[in-house]
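Numbering (our numbering), first residue to last: 331 to 612.
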């Protein structure tokens, strides 16, 4: 009898454990953790950054920055360990891409909250432009849609668009090219991507559909590995610095803020207010 009871108890315990797992993971999982907004002036909010700040265009000529929009950079988790696992994966993915993309230039890859994706990526992009770009050329790498606000920035800023080298679309041949914009971004525009292409894509890349240059890649253990034998993006990217040198004027160094200087009254040795008043009366 005792021998029969043990398997029954084990089965019952497994059933209880399975029921608990199903309840907490499928039927009624706990809510995702509420995350504080990331501060993109801090290194911890990025999964990849240059080791040292690159020189401004007016100091060392044309350099290229690579801004990465990665699906794996999304932070979310129902528990702290789950959140930390997602962050480790995001950093692993960014470093894997950085190994190849450093052939082009300096790599900037932001983390972002999954439930505030477009807002966070936009804030990261604007912080990068304001603090780190310093007139350098720019390429955007993407394996997922680009926030409409970034496309609008390219449309509305001719200086930025002139030094924009296009989108490098990370793609596995069997999965096709990642969409530049989400369906939600284009659903209200009857002209689709065609009109956007004319406004945010520089003249140099008009022959590239949606300004995208395909970069072959494959996934290894869930991580994108770029498989290009040459520089990612090929000839269009390799010749970009030379094209910039011939066709685009470099930004001048900003003058900086004006400083208010107090005007100091200059006096001769021994001159006082009383003596000055007597000389004025005479």
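Cβ atoms here follow ideal geometry from the backbone N, Cα and C, with glycine treated the same way.
| Query | Result |
| --- | --- |
| Exposed or buried, what is residue 585 when buried is set at 16 or more other beta-carbons lying within 10 Å of its beta-carbon? | exposed |
| In three-state DSSP terms, what is residue 511? | coil |
| Counting pairs of beta carbons, one from the stretch 430 to 442 and one from the stretch 473 to 482, are three or more of them closer than 8 angstroms? | no |
| Per DSSP, residue 488 is paired with what? | Paired residues: none, contrary to the question. |
| Apart from the five residues just before and just after residue 435, which ones in its own chain have a Cβ nearer than 7 angstroms to its Cβ? | 393, 394, 395 and 396 |
| Helix or strand or just coil, what does DSSP make of residue 615? | In the structure as shown, the chain starts at 331 and stops at 612, and residue 615 therefore has no counterpart that could be examined. |
| According to DSSP, is residue 582 part of a helix, a strand, or is it coil? | coil |
| Label residue 445 either buried or exposed according to how many other C-beta atoms from any shown protein chain fall within 10 Å of its C-beta, with 16 as the threshold for buried. | exposed |
| Buried or exposed for residue 549, going by 16 or more other Cβ atoms inside 10 Å? | exposed |
| Is residue 405 helix, strand or coil by DSSP? | strand |
| To the nearest angstrom, how far is it from the Cα of residue 387 to the Cα of residue 577? | 15 angstroms |
| Counting Cβ pairs, one atom from each stretch, are 3 or more of them under 8 angstroms apart for the stretch 540 to 548 and the stretch 407 to 421? | no |
| Since residue 458 is in the alpha helix (DSSP H), which residue starts that stretch and which ends it? | 447 to 458 |
| For a test of the three-state rule: what should DSSP assign to residue 519, helix, strand or coil? | Confidence in residue 519 is poor, its pLDDT being 46 and thus under 50, which makes the residue's placement unreliable; the coordinate value appears in the next sentence. Coil at residue 519, not helix or strand. |
| Tell me residue 554's beta-bridge partners as DSSP assigns them. | 549 |
| Which residues mark the beginning and the end of the alpha helix (DSSP H) in which residue 389 is found? | 387 to 390 |
| Tell me, to the nearest whole angstrom, how far the beta carbon of residue 547 is from that of residue 502; I am working on the premise that it is less than 8 angstroms. | 6 angstroms |
| Does the Cβ-Cβ distance between residue 421 and residue 363 come in under 8 angstroms? | no |
| Indicate the three-state DSSP secondary structure (helix, strand or coil) for residue 576 in the structure shown. | helix |
| Going by DSSP, name the residue or residues bridged to residue 284. | The chain is shown only over 331 to 612; residue 284 falls outside these bounds and no answer can be derived. |
| Give me the DSSP bridge partner(s) of residue 481. | Residue 481 is not bridged to any residue. |
| I need the straight-line Cα distance from residue 533 to residue 424, nearest angstrom please. | 30 angstroms |
| Between 361, 551, 368 and 554, which has its C-alpha nearest residue 451's C-alpha? | 368 |
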